[in-house]
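In the numbering used here, the protein residues as written are 1 to 152.
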């Protein structure tokens, strides 16, 4: 029961982190829309066009960030907090002799009542090393050696 609780809490923290990023990007997009709408043609036409082009580039960048967030949401939606596997995979909580990991999205350090976990994407270098491993397996990452103690 405790293990289910940990996984569910980590998943909720990842969703909250993603929601914060989404709100931030949407705010930027909204600000850029307002900038484009409020800009008036000045006598310095080239300066005006350059300003509009810069705002448009920023909008495209924000659009790419928005698309990335949507992809990340899809990854999170595939995680079932009630499922368990003996091998490390998407949604696994991995306890090691060095650090604890939640294989999900890159959301950094997450604190739950039972400790500190690092939410990492399966495509990160450490995520790639952990995938498919099970309890008792040893991992070497950047000259740091550790052992997998538990996988939930």
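Cβ coordinates follow ideal geometry from the N, Cα and C atoms, glycine included.
| message | Can you tell me where the alpha helix (DSSP H) holding residue 176 begins and where it ends? | response | Given that the chain is displayed from residue 1 to residue 152, the structure contains no residue 176 and the question cannot be resolved.
| task | May I ask you to report which of helix, strand or coil DSSP gives residue 71? | result | helix
| If you run the structure through DSSP and keep just helix, strand and coil, what is residue 152? | DSSP places residue 152 in the coil class of the three-state scheme, outside both helix and strand.
| Near residue 8, which residues of its chain fall below 7 Å by C-beta distance, leaving aside the five closest residues on each side in sequence? | 81
| query | Going along the chain, which residues of its own chain have a beta-carbon closer than 6 Å to the beta-carbon of residue 86, five neighbours each way excluded? | reply | The residues are 134.
| said: Beta-carbon within less than 7 Å of residue 43's beta-carbon, same chain only, minus the 5 sequence neighbours each way: which residues are those? | reply: Note on residue 43: pLDDT 48, under 50, position unreliable in the model; no value is reported.
| task | Provide the residue span of the alpha helix (DSSP H) that contains residue 129, from first to last. | result | 125-130
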